[in-house]
Every structure is written in structure tokens, then in C-alpha cells.
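Chains as they are written, first to last, in my numbering: chain U, 9 to 337; chain S, 9 to 337.
This is the structure in C-alpha cells:
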């Protein structure tokens, strides 16, 4: 529908909406994570330094775990859009349905929508869509955007971007990590991001009882007879929601050597949230898409109607079909 | 006793032993890890490309987990030093006692010993000692050494060095990580290291039953009443040795938000191996030193006589003393 740009560096059409000054809404998707919040805050703070008036918000509040991100205290839950924005910016949000109608409100009110993302399945819902699927992290794109805007790289901005790059690449471990990812990380650390503080904030904030609940969850990991499919199905209430939210549990079945696809199924409010992880030879995005979800080739998700046992049967059957249909690496 | 150099870049005195050609032994310490093997192999392979004849070995064989390191199949267990080396090189080995007498044999036989390390408590046991405690990883130093030697950065060398930098910095998370660490990582990835393959090789090689044993270990984590000290004491046989060796269990109590010092105690053959981790405000190297151990300010270890309960009492008492004596951050 709008302008589309797919390069590593932003085009003049991508930069144009950020020229001059105005009022911007940095809009996050549901359950905002560090990929989203780090990039929204970095770009918003940079715009503020250029004289913009910036608001930060989305359907859900920022999680407590991310309270360390500089400026995140200004991110607030939004039910409706009030009419005072010239520009609405979304980062790392592939699907407009994930704003609970806020994008539609913005569109009806005639706001310019800018969509900056690295997900290949991004729906191009903006007036300006900059989608670079070669970027390991949307944080890399926002870094290039700030450079093109000659925005100062303050320690606050660097910390937000470093966190976004760190989380979006699984701590510099995913297959899409490039020399550019590390070069940008070097620049961000030089600008004041502190890797150990980011890592401690992300990974060393467990409650004293969290390890016992993690042990409880691990006792439920199952592996298929051929070892290729590992999964973890959590009935509602089996493990506290706060623990499930913070533990990235799907990485545990993924960590088994023989596993090619890992799956986490979490029952909640009658629905089952599904996370899928592949190791490169099975496209889990295609599996998630069968259930209306999306993501990346190696990391995708979807939400399926309960009960848990039926959702598990449906999803694992689809995974098994994908495993059988793809060559063994 | 010998030449000492502490800069980021190697001096001519550090480079001198690698001039010309000859026969080198790349010597690892007991229980060699990826920090050691990655750097020894990278440097050895580079020397071979310059016409050197290189042998790789140490008191213990390389662990199966590190079989993916290019060239590691040539690393072999050594009981005694045969007399055919001109040069003996040790990397990331702070203490000569950790070679089970092989360094002493080399010294008596008149070999030139080169000691390349980033541990501040390195004992300077070589004829040439290059100790740069500002390096986050000994891999950074070997990278600079290879550049100074104008050695080609092959994918095999890059993979070894990337792995060493990755493991020695806790996956780019420790407080000593600098822009240089990331700049070097960028160069290594550009030269053919693949972060996702290294990470999969290091972290996604669990046996199907490993997660259940991990859960069992986590159920034993204890936290002091004030939350500042977290520990995990494993009696002999409680968890299979292969699981303990591969899980970095001390990172779990460390991950609790309130914990300032984490401790893992593992009983084996009547002795207790102790790992200590701090979060920046308590010097765990000083605690380990009280028991004849060493390491870094934030990550140290020692071995204490058993039984487990007595070792635990002694070590935790020393930790408590350090905690009480240091300011709360």
C-alpha cells in the first residue's frame, strides 16, 4: 500500500517522515519485548534530541523485567489513540493485528505510519515500510537510521539498542548474525552500552523460587522416539505465569542434540500459546502459519484453541509432517 | 623470571620466538576448555601455515563437547614431553601447576616457554610472558598475535578463535567485554566463523536425559536468608559427571537477582571442586585464593578436601566473610 524499501541503509523515503519536527507516537505491539521496546525507545529518544515531541505506548505495559531500559518508565498502556500525533512509528512489529486496533485508528485519523522491521513476513501495513530481512535485529536497522539522521548516540540510546540487538539475536547466537551485527555492537559499547549490565538485567533477575519452578518445568520435557522433536506442554497453573514469561522455556528442548524442532505449549485462559524453534533445516514459520501465526524460519509462534491435549496433538502432528517432509541435515 | 609484556598488542619480544620455523608444542592445562583449546589451535594452525611443525597436547584429552573445534582431533594426552620441541606455548593458563609437571620438564630440557594469558594472577612462569589483563579473552590476544605475524585468518582459525572469545566472555556478557571484543568477533565472522554453529555446538548438544538431571540439580539450589549467597552442593553421584561437566551449574544460583556471590560445590573422589561467581562488588578471586585457587575477580575456583559438608561450611563461611566485609552495591 505504501512505500517499500528493503536495503540495509534507509532510503530518503524512509528518512523523510523524520525530517523537521513534530509529534510522534512510538507504538509497541502486544506484550512488548526488548526487541520492540529497545528500538522504539532508541528511536524516540533520538527524535526528542532533534526537537520532536514523543509519546511511547502500546496495548500492554512494558514488563517489569525490562524496567532497566532507559526511558521505559515513559512507555504506557494505550486503549485508544488521541489525536495529537503527526507520525506513528512501529518497530519489529510484523503484523498490524498485534496492536489491538491502534494502527487502524491511526490510519483512519490520517497519521503517517512508519513500519521498520526485519521480519520477512512483515505485512507492509505502513505508509512507509522499511523491511530488511538481512538484518539480524531490527536494532541494526534503527542504528543505521540514527546514523543517517546524524542523531547523537547517547549511553541511554546505546543501551536500548544494544539490548534490542542482544535479545533479537539470542545473545549473538542466531544464524542471521553477521559481521555487521558485531560491528554495531562494538559501536554501541563504545557509546556507553554495558554488556554485563544488560545481561545481568536480562538473565540474573530470577526470584529465589524461580529455579525450583524451572526444575519442575524441565521434568515435563518430552522427546519423540527418534529424538527429532522435543516439546514441553504446560497446563494452566502448572508453573507460575511469571516464571513461564521470563524463562524462554522452549530453548530447553531445543538444546537437546538430536532435536530438530522444539515446541513449547502453554495453556492459559482456554487458549494455548505455542512457540516453535528450528535448527535451520525445518521452516517453523510455515508450521506456525498453518495456525495463523508467524515469525522467522527458525523461531515462530502461534495461538491455538484449547484444550491443551488437542492443541498439542494438532501442532505436534504438523511438526511431524514438516520433519518427515524435509531432508535430514 | 623472563620477559614480561602487558600491552594490548604483542611486542617484538613476544613475536621473536615465532620468527623463522621450528617445532612447537601447544600445551594445554588440565581439563582443557574452549578458552584454551580454541586459542592453542588457532595459534598452532597459524604457525603451521608459516612452516612450523606443531604438536598439540596436555595432561588431559579434549572433552567430547569440543570435538567441533577444527583440528582438535590432533590434540592428544601427554604424560611426558619428548625432546623434539624448540618452543612450548601455553595460552590461557595462569598457573604452571596446572600442567602436571609438563612445564617443569620443558624448562629442564631448555625449551623456550611462551605464556600468553589475560588472567591478572598469571604466575609469569614463561621465558616470554605476555599478560594483558585488559583483554576480555585470551582469544583477543591471539587474534592480535596472528595479525602481527601476518598469519592468514582461515575459517578453521577463525572458528577456533571465535569459540575461545565466545566462551571466555560468557557469550559476550562479562564486565570485561569491550568494543574491541566485538570488533574482533566481527572480523572472525567475516573470516568464516559461524556464530550459530559455535553456539549450537556448545549449547545444543544435550543428551535427551540431561534436562531431567538439570532439573534434579536445580532442586538442590539454596539461598541464604538475606538472599545474597546462592549455592548448590552436589554429593558424589547425585548427578552424572557428564551433566555436571557440561551444564555450568554455578550460573543458576548466580542468576537469582539478590545473589551477590554464587557457589557450586561438587564432591568427587574425596575432594570438592568449588566454583565461585561474583557480580562485580565482591572479589571471588580473593576467596578462591584462601583455598589455593585462583581465576578472575568475578569468576574463580579452587579444590578443597572433603567431605562435602565440611568443605561447604569452610567455603560458605569465607564467602559470608567477604560479603559482610564489602559494601552492598
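C-beta atoms are modelled at their ideal positions from N, C-alpha and C, and glycine is treated no differently. Only a predicted model underlies this, so the values are computations on that prediction, with no experimental measurement involved.
At the level of alpha carbons, what is the spacing between residue i and residue j?
i: residue 108/U; j: residue 277/U; result: 18 Å
i: residue 116/U; j: residue 122/U; result: 15 Å
i: residue 182/S; j: residue 290/S; result: 15 Å
i: residue 17/S; j: residue 152/S; result: 6 Å
i: residue 315/S; j: residue 329/S; result: 22 Å
i: residue 104/S; j: residue 154/U; result: 50 Å
i: residue 21/U; j: residue 11/U; result: 7 Å
i: residue 53/S; j: residue 242/S; result: 39 Å
i: residue 50/S; j: residue 245/U; result: 50 Å
i: residue 338/U; j: residue 70/U; result: This structure cannot speak to residue 338/U, because chain U is shown only from 9 to 337.
i: residue 47/S; j: residue 301/S; result: 23 Å
i: residue 39/S; j: residue 149/S; result: 22 Å
i: residue 57/U; j: residue 319/U; result: 48 Å
i: residue 133/S; j: residue 299/S; result: 21 Å
i: residue 223/U; j: residue 218/S; result: 12 Å
i: residue 67/S; j: residue 111/S; result: 11 Å
i: residue 306/S; j: residue 199/S; result: 31 Å
i: residue 72/S; j: residue 27/U; result: 56 Å
i: residue 354/U; j: residue 161/S; result: With chain U covering 9 to 337 only, the question about residue 354/U has no answer from this structure.
i: residue 226/S; j: residue 178/S; result: 20 Å
i: residue 333/S; j: residue 119/U; result: 58 Å
Inspect the beta-carbon positions of residue i and residue j and report whether they are closer than 9 Å.
i: residue 144/U; j: residue 188/U; result: yes
i: residue 197/S; j: residue 190/U; result: yes
i: residue 209/U; j: residue 171/U; result: yes
i: residue 281/S; j: residue 309/S; result: yes
i: residue 216/S; j: residue 239/S; result: no
i: residue 324/U; j: residue 237/U; result: yes
i: residue 263/S; j: residue 204/U; result: no
i: residue 29/S; j: residue 60/S; result: yes
i: residue 23/U; j: residue 157/U; result: yes
i: residue 77/S; j: residue 168/S; result: yes
i: residue 62/S; j: residue 31/S; result: yes
i: residue 55/U; j: residue 164/U; result: no
Shortest alpha-carbon distance to residue i belongs to which of the options?
i: residue 95/U; options: 199/U, 333/U, 64/U and 176/U; result: 64/U
i: residue 176/U; options: 205/U, 199/U and 127/U; result: 127/U
i: residue 220/S; options: 214/U, 228/U and 220/U; result: 228/U
i: residue 185/S; options: 300/U, 195/U, 49/U and 37/U; result: 195/U
i: residue 349/U; options: 192/U, 34/U and 244/U; result: Nothing can be reported for residue 349/U, as the shown portion of chain U is limited to 9 through 337.
i: residue 253/S; options: 266/S, 264/S and 272/S; result: 272/S
i: residue 285/U; options: 259/U, 274/U, 301/U and 299/U; result: 259/U
i: residue 100/S; options: 36/S, 68/S, 159/S and 142/S; result: 36/S
i: residue 275/S; options: 248/S, 60/S, 267/S and 30/S; result: 248/S
i: residue 130/U; options: 327/U, 304/U and 317/U; result: 304/U
i: residue 293/S; options: 326/S, 26/S, 173/S and 137/S; result: 326/S
i: residue 214/U; options: 250/U, 98/U and 84/U; result: 250/U
i: residue 142/U; options: 169/U, 124/U and 296/U; result: 124/U
i: residue 135/U; options: 295/U, 317/U and 98/U; result: 98/U
For chain A, check one thing: does any of its Cβ atoms lie closer than 9 Å to the Cβ of residue i?
i: residue 225/S; result: No chain A appears in this structure, whose protein chains are U and S.
Let me know the secondary structure DSSP gives residue i once reduced to three states.
i: residue 64/U; result: strand
i: residue 313/U; result: strand
i: residue 127/S; result: coil
i: residue 13/S; result: strand
i: residue 159/S; result: coil
i: residue 115/U; result: helix
i: residue 318/S; result: helix
i: residue 52/U; result: helix
i: residue 275/S; result: strand
i: residue 250/U; result: helix
i: residue 286/S; result: strand
i: residue 18/S; result: coil
i: residue 337/S; result: Because residue 337/S carries a pLDDT of 44, less than 50, the predicted location of this residue cannot be relied on, and no value is offered for it.
i: residue 137/S; result: strand
i: residue 99/S; result: strand
In chain order, what residues of the same chain have a beta carbon less than 7 Å from the beta carbon of residue i, not counting five sequence neighbours either side?
i: residue 74/S; result: 42, 45 and 80
i: residue 14/S; result: 139 and 140
i: residue 114/S; result: 89, 96 and 121
i: residue 192/U; result: 148, 151 and 173
i: residue 322/U; result: 312
i: residue 266/U; result: 235 and 236
Would you say residue i touches the ligand ZN, meaning its beta carbon is less than 8 Å from a heavy atom?
i: residue 164/U; result: Among the ligands in the structure shown, none appear at all, so the ligand ZN cannot be discussed.
Under 6 Å Cβ to Cβ from residue i, same chain only, skipping five residues before and after it: list those, please.
i: residue 336/U; result: The pLDDT assigned to residue 336/U is 49, lower than 50, so where the model puts this residue is not dependable; a value taken from the coordinates is nonetheless given after this. Cβ within range, chain order: n/a, list empty.
i: residue 378/S; result: With chain S covering 9 to 337 only, the question about residue 378/S has no answer from this structure.
i: residue 230/U; result: 239
Under 8 Å Cβ to Cβ from residue i, same chain only, skipping five residues before and after it: list those, please.
i: residue 296/S; result: 282, 284, 302, 303, 308, 309 and 310
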